[in-house]
Amino acid sequence: MPAVVSEGLVKKFGKTEALRGVDLQVERGTVVGMLGPNGAGKTTMVRILTTLLPPDGGRALIDGIDVAREPQKVRARIGLTGQYAAIDERLTGRENLEHIGRLFHMGRAPARQRAGELLERFDLVDAGDRLVKEYSGGMGRRLDIAMSLIAKPSVLFLDEPTTGLDPRSRLAMWDLIEELVAEGTTTLLTTQYLDEADRLAHRIVVIDHGSVIAEGTAEELKRQIGGELLEVTVPDRASLPDAARVLGSIGYGAPQVDDALGQVTVSIDRSIGIVPAAVRALDLAGVKVDDVVVRRPSLDDVFLSLTGHTTEDTPEDPR
Amino acid sequence: MAAVDTLPEQHGSAPSGGMWVLRDSWTEASRHLRIIPRNTELLVFAIIQPIMFVVLFVYVFGGAIAAPPGFDNYKQQYLLPGIFAQTVLFGSAFTGVGLAEDLTKGLVDRLRSLPMAHPAVIIGRTLSDLVRNVLSFAVMLGVAFAVGFRIRGSIGDAVMATLLLFFFAYAFSWIQALIGLSVGSVEAANSAGFIWMFPLTFVSSAFVDTASMPRFLRPVADFNPFTKVTNATRALYNGIDPGADLWWAIGWAVGITVVFAVLSIRKFNRAASK
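So the protein lines, in turn, are chains A and B. Position 164 (the first sequence) corresponds to 163 in numbering that gives the first Met the number 0; numbering is contiguous. Position 109 (the second sequence) corresponds to 108 in numbering that gives the first Met the number 0; numbering is contiguous.
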C-alpha cells in the first residue's frame with residue numbers, strides 16, 4: 000500500500016478551481032517532488048493531505064486512512080514543514096522540540112530524549128539552548144524540519160523547503176533532505192525549482208492550474224522536454240525564420256521563436272561540438288548572430304514545452 | 000550521528016475525551032507561561048501599567064468628585080474598584096495579540112496538523128493570559144492598599160469580588176481570541192482588541208455614577224455588562240449587598256465565554272496561517 004494516495008482530489012475557492020481531480024501516489028520509502036509555479040495548487044494539495052483543508056471532491060489516504068474521515072489518526076502519522084517557519088521564537092530550540100513532542104502525547108522523558116536526538120542529528124546541539132529568535136534562516140529551517148520528525152512520522156511533507164533561503168543555506172538544506180531520503184523517509188515535497196526536484200525526488204509530478212500535466216522520473220521528464228537547449232540571439236528580427244529553419248535541422252523538435260528577444264531556442268541531444276556546428280550552419284545560411292549559448296532547461300522551458308505557456312501566466316496561489 | 004528512523008512505529012497518539020483537552024491545554028499554557036520571567040520588557044510593563052493606572056486616576060481625577068451614597072470616599076473606595084475592573088479587562092487583549100502572532104508565524108498550521116485536542120491551543124492561551132492577569136492584579140492591589148484602599152466587607156466577599164473580576168476578564172479573552180484569529184496581523188489584533196474597550200469601560204459606572212451621565216447615555220451605561228461587574232465587585236469590596244448585579248455579571252461572563260468559545264474554536268478549525 001502506498002504511503003500517500005490521492006484520487007481525483009478537487010478543491011474550489013469560490014469560483015477558482017484550485018485542484019481539478021489530482022491523482023497522486025507516494026510509495027513507502029520514496030520521495031515525490033511536486034513541481035509547479037506559484038498558484039499551481041501545490042500548497043492546496045499539501046494542506047488537504049495534512050488535514051488542514053477539507054477536499055471538495057475525491058479522496059486522500061495516508062497509510063490507507065482517509066484524511067477527511069479520520070483526521071486525528073492521520074495527524075499522528077504525518078510531519079509537516081510548511082512554507083513559513085512554524086516555530087515559537089520566544090522559546091529555545093530544545094523547548095520547541097519538546098513542546099511538539101508533548102503535543103504528540105509523548106511522556107516528558109521520551110520527549111526530552113527525542114529532542115536531544117534531533118538536535119544532534121540536525122547539528123543544533125550548540126544552539127539548542129539558545130532562543131530561536133537568535134537563529135539564522137538556515138538554522139530555523141533545520142529546527143522546523145526536526146520538529147516535523149519528532150514523532151517519527153510515516154510521511155513527511157515539505158512545502159517549498161528552500162524558498163527564501165540564500166544559496167548556501169539552500170545547498171545545506173538539500174544535503175540534509177538527501178540524508179533523510181537516504182534513510183528512507185517517505186516524503187512529499189513541493190518546489191518551484193526544477194533542479195531541486197531533480198536532485199531530491201525519485202519521481203516528479205508536474206502540476207499546473209490544479210492538474211497533473213506530467214509525471215515520471217527526472218530523466219523521463221527531461222527526455223520529454225528535451226535535454227539541453229541551444230539558444231541563438233540574432234540582431235535582425237527579419238532573419239528569425241531563417242535561423243529557426245537552420246536550428247530545426249540541428250536540434251530536434253520544433254524550435255521556439257521569441258520575437259521580443261530576437262531569440263530562437265531548440266532542444267538538443269548532445270552539447271559537444273554543437274555550438275561550432277550551429278555557427279557554421281547559420282553562417283552558410285547568411286544569418287548574422289549575436290550570441291549562441293547552450294543551457295539547461297529551466298522551469299519555464301518545462302512549462303513552455305508541456306503547456307505552451309510560461310510560469311508567469313499563472314495567478315497567485317489561492318488558499 | 001543518530002539516524003532518524005521513520006518506521007511506521009508512531010510515538011504520537013490521537014486524543015480522546017476531556018482529559019486530553021485538559022492536558023493539551025496545560026501543555027500549550029506552559030508554552031506561554033515559561034516566557035513570562037524571561038521577557039523583562041513585558042514584565043516591567045505588566046507591573047508598571049497597573050501602578051500607573053492607579054496612581055494617575057486616583058491623583059489626577061479623584062479630587063473633585065464627591066463619593067456616591069454608601070461609600071466612604073470617591074477615590075479609594077469608589078474609583079479604585081472600577082480601575083481594577085478596567086485593568087483586568089484590558090489584560091484580556093493579550094489573548095488576541097498572541098493568537099494573531101501564532102497565526103502569522105505559521106505556528107497555527109503546525110498545531111492544526113498535530114494529533115492534539117485543537118481547542119487546547121486557545122484554552123491554553125486564555126489560561127496563560129489569566130495567570131498573567133492575576134499577577135498584574137496582585138501588583139495593582141498592593142499599590143491600591145498603599146494609596147488607601149481598604150476592604151470594608153468580609154474576606155469572603157473580597158475573594159468573591161476578585162474571582163468575579165478574573166472570570167469576567169477570562170470571558171473577554173475569548174472575544175479577543177476571535178478577534179485575533181479573524182484579523183490579518185498582530186498590529187490589527189492590537190488595535191481591534193483595544194479600541195472598543197474604551198467606550199465599553201468609560202460608558203459605565205467604573206469612573207462615575209451613571210446617574211450623573213447625560214440622559215441618552217444613562218440607559219446604555221446601565222445596560223453595559225461592564226457596569227454590572229463593576230457594581231458587583233465594588234459592592235462586595237465595600238461590604239454592600241451587590242444584589243442582582245452579581246447575578247447579571249456572572250450571567251454575562253458565562254454567556255460571553257460560551258458564545259465566543261464556540262465561535263473562536265470554529266474559527267480556529269478553519270484558520271490558515273497568513
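From the three backbone atoms N, C-alpha and C, an ideal C-beta is built for every residue, glycine too. Since the structure is predicted, the reported quantities are computational estimates derived from the model, not experimental observations.
Determine whether the beta carbon atoms of residue i and residue j lie at a separation below 9 Å.
i, j, result
"A:E116", "A:A126", "no"
"B:P118", "B:I255", "no"
"B:V228", "B:V96", "no"
"A:G252", "A:V265", "yes"
"A:R89", "A:G100", "no"
"B:R124", "A:H98", "no"
"A:G38", "A:L8", "no"
"A:K14", "A:D158", "no"
"B:I50", "B:V138", "yes"
"B:G152", "B:I35", "no"
"B:A220", "B:I122", "no"
"B:Q76", "B:A84", "no"
"B:A176", "B:F259", "yes"
"A:T190", "A:G32", "yes"
Against chain A, does residue i count as a neighbour if the rule is that its beta carbon must be under 9 Å from one of theirs?
i, result
"B:A234", "no"
"B:A271", "yes"
"B:R265", "no"
"B:W195", "no"
"B:W251", "no"
"B:N237", "no"
"B:N38", "yes"
"B:I34", "yes"
Which residues in the same chain as residue i place their Cβ atom closer than 8 Å to its Cβ, once the five residues preceding and following it in sequence are excluded?
i, result
"A:A276", "I249"
"B:L163", "V228, A231, T232, L235, L245, A248, I249 and A252"
"A:V293", "E227, L228, L229, E230, I267, S270, I273 and V274"
"B:F165", "V87, L129, N132, V133 and F136"
"A:E177", "R198 and L199"
"A:W173", "T161, E195, R198 and L199"
"A:N95", "I86, D87, V131, L142 and M146"
If we define contact as Cβ-Cβ less than 9 Å, is residue i a contact residue for chain B?
i, result
"A:Q82", "yes"
"A:L71", "Residue identity check: residue 71 of chain A is Gln in the sequence provided, not Leu. Taking Cβ atoms only, chain B reaches closer than 9 Å to A:Q71, which makes this a yes."
"A:R93", "no"
"A:I206", "no"
"A:E214", "no"
"A:M138", "no"
"A:D87", "yes"
"A:L79", "yes"
Between residue i and residue j, what straight-line distance do the alpha-carbon atoms span, to the nearest angstrom?
i, j, result
"B:D156", "B:L235", "5 Å"
"B:P112", "A:A67", "Here residue 112 of chain B turns out to be Ser, not Pro, going by the sequence shown. Spanning the two alpha carbons is a distance of roughly 13 Å."
"A:L123", "A:I273", "48 Å"
"A:L246", "A:D282", "12 Å"
"A:G20", "A:I206", "11 Å"
"B:F193", "B:F89", "7 Å"
"B:G274", "B:A210", "Within the shown structure, residues of chain B are numbered from 0 to 273, placing residue 274 of chain B beyond reach of any answer."
"B:I64", "B:G81", "15 Å"
"A:T43", "A:T80", "14 Å"
"A:S168", "B:L199", "51 Å"
"B:V20", "A:M105", "15 Å"
"A:A200", "A:L188", "8 Å"
"A:E315", "A:A196", "The predicted model places A:E315 with a pLDDT of 43, which falls under 50 and marks its position as unreliable; any figure quoted below should be read in that light. Cα-Cα distance, rounded: 21 Å."
"A:L118", "A:L130", "14 Å"
"A:K72", "A:T186", "18 Å"
"A:A145", "A:P109", "15 Å"
"A:D243", "B:G105", "One point to set straight first is that residue 243 of chain A is Ala, not Asp, in the sequence displayed. Distance between the alpha carbons of A:A243 and B:G105 is about 49 Å."
"B:V261", "A:E182", "44 Å"
Please work out which residues of its chain come closer than 6 Å, Cβ to Cβ, to residue i, disregarding the five sequence neighbours upstream and downstream, and give them in chain order.
i, result
"B:N230", "S204 and D244"
"B:F93", "D128"
"B:A271", "none"
"A:I267", "E227, L229, G250 and I273"
"A:A150", "F103"
Which residues in the same chain have their Cβ closer than 7 Å to the Cβ of residue i, if we skip the five residues on either side of it in sequence?
i, result
"A:R46", "L52"
"A:D128", "T91 and R93"
"A:T49", "I77, L79 and F156"
"A:A171", "G137"
Is the shortest distance between the beta-carbon of residue i and the beta-carbons of chain E less than 9 Å?
i, result
"A:A126", "Although the question refers to chain E, the structure presented lacks it and instead comprises the protein chains A and B."
Open item on the list: Please identify, using Cβ separations under 7 Å, the residues of the region 87 to 115 of chain B that lie next to chain A, in order along the chain.
Closed with: K104, G105, L106, D108, R109, R111, S112, L113, P114 and M115
- [ ] Determine which residues of the region 213 to 230 of chain B have a Cβ less than 9 Å from any Cβ of chain A, and write them out in chain order.
- [x] none
Task: Contacting positions in the region 91 to 122 of chain A - beta carbon closer than 8 Å to chain B - done: E94, H98, I99, G100, R101, L102, F103, H104, M105, P109, R113, E116, L117, E119 and R120
Open item on the list: Under 9 Å, CB to CB, which of the residues in the region 14 to 32 of chain B have a partner in chain A?
Closed with: P14, S15, W19, R22, D23, T26, E27, S29, R30 and H31
Task: Residues of the region 271 to 288 of chain A whose Cβ lies closer than 8 Å to any Cβ of chain B, in chain order - done: none
TODO: Taking only beta carbons into account, state which residues of the region 151 to 167 of chain A come closer than 8 Å to chain B, listed in chain order.
DONE: K151, P152, S153 and L155
- [ ] Check each residue of the region 34 to 53 of chain A: if its Cβ is closer than 7 Å to any Cβ of chain B, include it; give the result in chain order.
- [x] T49, T50 and L51
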